[in-house]
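In the working numbering, the protein residues as written are 7 to 79.
Glycine included, each C-beta is placed from N, C-alpha and C at the ideal position.
Following: one structure in structure tokens, then a few remarks.
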Amino acid sequence: MKMKFKIKGIDCANCAAELERAIQKIDGVTEASLSFMTEKLVMEIEDDRKDEVLKNLKKVVKKEEPDCTIEEI
């Protein structure tokens, strides 16, 4: 299942790359791509783990980039 999010408040390209790597490590995420320029995250996740992935995604974003906001688009 493909999901798209807007992540606002990323300070630099390196921060975006670090956040992308952290998101890719979430159980149930099969692919993740985060663009610093567009502040857009596209993830491919396992269909049956959506709720778990979303919960962990919010935790990872708050841990890695506490000032960022995330919303599904």
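The criterion of a C-beta distance shorter than 7 Å is not satisfied by residue 51 and residue 67. Between residue 40 and residue 70, the gap from beta carbon to beta carbon reaches 7 Å or more. Apart from sequence neighbours up to five positions away, no residue of its chain approaches residue 27 with a beta-carbon distance below 6 Å. Boundaries around residue 13 are those of the beta strand (DSSP E), 8-14, since no alpha helix (DSSP H) includes it. By the beta-carbon neighbour count (other beta carbons within 10 angstroms, threshold 16), residue 23 is exposed.
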